[in-house]
Amino acid sequence: MIEEKDLKEGKEFLILGYESENNPVVQKLKSMGLKEGKRVRILMKNGRVYLLKVDNTRIVIDKNLFQLLKKEVH
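The numbers in the numbering used here rise by one with no breaks, and the one at position 18 of the sequence shown is 1140.
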């Protein structure tokens, strides 16, 4: 599991999968562009909120949604 300290602003990670494929929230994350195999950059982290860059899109999600993503830091 990736530790919180490894996920700083400017870090990039690869989405490996999701904690629960059957969760309807995971389907929403996929529709927002947070799909398996995508590279994501953390643009800003402010408390429980993350501003992410996926391709040319910026997405804001909270810490609970962020934790549903299985990640590999690059």
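Backbone N, C-alpha and C define an ideal beta-carbon position, used for all residues, glycine too.
Every value quoted in this text rests on a predicted model; they were computed, and no experiment measured them.
Give every residue of the same chain whose Cβ lies closer than 8 Å to the Cβ of residue i, excluding the five residues on either side of it in the sequence, and list them in chain order.
i	result
residue 1182	1171, 1172, 1173, 1174
residue 1151	1140, 1183, 1187, 1190, 1191
residue 1177	1155, 1160
residue 1147	1187, 1190
residue 1142	1148, 1190
Where do the N-terminal and C-terminal ends of the alpha helix (DSSP H) with residue i fall, by residue?
i	result
residue 1127	Run containing residue 1127: none; DSSP gives neither H nor E here.
With residue i as the anchor, note down where its beta strand (DSSP E) starts and where it stops.
i	result
residue 1165	1161-1168
residue 1173	1171-1176
residue 1191	1191-1195
Can you tell me whether residue i is buried or exposed? The criterion is at least 16 other CB atoms within 10 Å of its CB, across all chains shown.
i	result
residue 1162	buried
Spatial neighbours of residue i within its chain, please: C-beta separation below 6 Å, excluding the five flanking residues on both sides.
i	result
residue 1128	1195
residue 1157	none
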